[in-house]
Amino acid sequence: MSDDVFMEILARLPLKPLFRFKCVSRAWRRLISDDYFLRRLPLLTSAVFYHCNADAKEARFACTSGGGDLQECGMEFFPFHRDSDIVDCCSGLLLSYSRLRASFYVVSPITKRWVALPQTLKSTHLAVLAFDPCHSSEYRVISFTGWLAQGSELEVFSSATGEWAHHSLHWGVDSDAMTATLRHFAGVLYVVAFPNYIVAIDLDGMRCRRIEVPEPVKPEGSIDKSGGFLHYTCSDGGRLKVWMLEDADGGEWVLKHSIEVATILRQVPVKMHQQLQLLALHPEREVVYLRAPGKLVSYDLEKKEAEVVCEFRKEEEGVELVQIWLFPFSGHMSRCLAH
Amino acid sequence: MSEGTKEPDGGEEKVVLKTHDGQEFTVDMATANQSGTLKNLLSEVGSSSNNPQVIPLPSSITSRVLGKVVEYCQRHAAGGGRRGGMQALEQFDEELVELDKDMLLDVTYAAAFLDVPRLLDLTSQAVADAIKNMSVEEVRHYFGVVSDFTEEEEKVIRSECPWAFE
C-alpha cells in the first residue's frame, strides 16, 4: 500500500496509538514524523470544564480522542488536582496554581506527567504558560507580579534552566489598554492591545515591539501564525476578516479573506442568532476554527466549506465549558515533561 | 436522480470498467462520476451507450473489490432521495465497511486510486478504528510488517513516550 493511503489511515488515529505505532517499523516512524503528514492532521483539541455546582469547582480536562470526540483525561495522577486551580493551558499542557502552597505546577494530562515549579519571589497577579510544540520542547511560565503605567514587573520560569528570573517590561502602550487575548509562538508572546495594537514580547531578549493592526481591535480577535506569517483574525458579528502581516519587521497587513459569517452558519446546523467564537487558524492550512454552542467548527477558507470537527454536548452536560484550545501535533509534546 | 446525459437516441451514456481478472462492470455516468479519477478520464475521452468506453483497472483492484466500490458509487449516485433517505444511506455506509481485513485494505486502496473521497474516508476510518487499540505487535501482524528496528532502538522509542504504551 502506498504512503498516501497509509497517511489517510494514520491521520484518523487518536494521539496515543499514533505515538505508539512509531515503533512498528522505520517506515512507519518516518511517516508519523513526516512534516507533510503533520500538516495534514486536524488540530488537536483540548478543553477545560468546570462543574457548575457552586461549592465544588473541580476542573475537568478533555482531549480529542480521534473520530471527533473529546475524551476526558482523569486528573487523579496529579496529587494536587483538588486543591489547585487551572490558570492556563497551552498546547495540551496545563498550568495549575495552588493558593495553599503558593506553588505552580505544569501538568500534562496526555502523558500523565507533572512537575512542581520552584517558588516565585513575589506573588502573582496573572500567570501565562508559553509552550510551542512546533518550535521546541522548552516551556516557560510568565508570572506578572506588578503593573506599571506602561509595562510590568514579571518573573519568568524556563524549563531549560529550571529557574525563575526577574524582568521588567515596557510595552509601549498603557497597561490599561492590554487585553486578555494573547498567544504564544516560537518564544514570542503576542498580546492584543487597544485601540489597534499587538504587543510582541520576545521572551528570549525580554523586549517588546508594538505592531499596529489595520483596524480597531476587538476583544474576540485572534492572533495566529499560519504558514510562518503572523495573522490577525477578527469578526464584527457579520463578517470574518483574516489579515496577514507580510513581513514581521514592519511589513504591510494584507486582507487575505473576508467572509460573511452567515455563509458559514448556513453550512452547519447552528441557529442563525447564535454567535460563532473565533478560536484559531490552522498553522499550515487555510482553515479557521470556530466555536459554536456545543460544537467545534472548521471552515476551509479556500474551498469555502464548513465542517463540524467535534461535538462536546455530551461532555458539557451539567458542566460549564470554560476554555477550548487547539494545538498542532508534535513529537515535542511527549518529551516536554520527561524528566 | 441520474446525472447521466441523454443522448439523441434516448440511450444513456455508459462506461465499462474492466478488472485485471477479466470481469466487466457496466455503469452509468452518474456512478462513474463518483470517482474523481474516472470523471477526469471520461471528460477527456467521452463515452456513449452504443460504444461505451472500456477502462482497464490495475491488478490490485480485483472484481470483488471493484464490486464493492461500484456498489458504493451506485448507491451514492442515487443520493439520499431514494430508498429511505439520508438515514438509510448512512446505514448503508456503515454496513458497507463491515469487511474482513484484506478486503477492507483493498477497498481502501481502490478508493484512493479511483479517488472516491467519501469512501476513502469511510474505509480509512474503519481501518483506524480496527487498529487503534492494538499493540505494536498486533499492528505488525495486521499489515504484515516486519520490524527493522534493533531491540535497543525500539527501547529508545518506547522510552520517549511510555504513556502511549499504557
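Residue numbers (the working numbering), protein chains in the order written: chain A, -5 to 333; chain S, 72 to 237. We treat Cβ as the ideally placed atom computed from N, Cα and C, and that holds for glycine. Given the structure is predicted, the values throughout are model-derived calculations rather than measurements.
| query | result |
| --- | --- |
| Compare the C-beta of Thr221(S) against all C-beta atoms of chain A and say whether one is closer than 8 angstroms. | no |
| For Lys297(A), which of helix, strand or coil comes out of DSSP? | coil |
| Does any C-beta atom of chain S lie closer than 8 angstroms to the C-beta of Cys17(A)? | yes |
| Between Glu52(A) and chain S, is any beta-carbon pair separated by less than 8 angstroms? | no |
| Got a sec: which bits of the region 103 to 120 of chain A sit with their beta carbon under 8 angstroms from any beta carbon on chain B, in order along the chain? | The structure shown contains no chain B; its protein chains are A and S. |
| Between Ser106(S), Gln158(S), Glu115(S) and Thr97(S), which has its C-alpha nearest Val125(S)'s C-alpha? | Thr97(S) |
| Output the boundary residues of the beta strand (DSSP E) element that contains His225(A). | Phe223 to Ser229 |
| Apart from the five residues just before and just after Phe179(A), which ones in its own chain have a Cβ nearer than 6 angstroms to its Cβ? | Asp126 and Lys219 |
| In whole angstroms, what separates the C-alpha of Glu149(A) from that of Tyr133(A)? | 14 angstroms |
| Just checking, does the region 281 to 301 of chain A make contact with the region 96 to 106 of chain A on the three C-beta pairs under 8 angstroms criterion? | no |
| What are the start and end residues of the beta strand (DSSP E) that includes Val316(A)? | Val313 to Phe321 |
| Which one of Asp79(A), Tyr184(A), His251(A) and Lys250(A) has the shortest CA to CA distance from Phe55(A)? | Asp79(A) |
| Which residues does DSSP list as the beta-bridge partners of Phe98(A)? | Tyr91(A) |
| Helix, strand or coil for Val150(A)? Go by DSSP, reduced to three states. | strand |
| Once the 5 residues before and after Ser252(A) are set aside, which same chain residues still bring their CB inside 7 angstroms of it? | Arg233 and Lys235 |
| Closer than 8 angstroms by beta-carbon distance: list the chain S residues that pair up with Pro11(A), in chain order. | Ile202, Lys203, Asn204, Met205 and Ala235 |
| Does any residue of chain A bring its CB to less than 8 angstroms from the CB of Thr179(S)? | yes |
| Assuming contact is defined by CB atoms lying nearer than 8 angstroms, are Leu176(A) and Val122(A) in contact in what I supplied? | yes |
| Does the region 269 to 283 of chain A come within contact of the region 239 to 249 of chain A, defined as at least 3 CB pairs closer than 8 angstroms? | no |
| With distances taken from CA atoms, which of Phe236(S), Gln145(S) and Ser114(S) is nearest Val187(S)? | Gln145(S) |
| Report the three-state DSSP secondary structure of Val217(S) (helix, strand or coil). | coil |
| Hey, would you say Arg201(A) sits closer than 8 angstroms to Val193(A), going by beta carbons? | no |
| Please return the same chain residues whose Cβ sits closer than 8 angstroms to the Cβ of Glu166(S), not counting the five positions on each side in sequence. | none |
| Given that Leu191(S) touches chain A, what residues does it touch there, using C-beta distances under 9 angstroms? | Val(-1) and Glu2 |
| From His75(A) to Val303(A), what does the alpha carbon distance come to, in whole angstroms? | 29 angstroms |
| Between Thr194(S) and the rest of its own chain, which residues show a CB-CB distance below 7 angstroms, the 5 nearest in sequence each way excluded? | Val168, Leu175, Val178, Thr179 and Ala182 |
| Shorter than 8 angstroms from the beta carbon of Arg135(S) to some beta carbon of chain A? | no |
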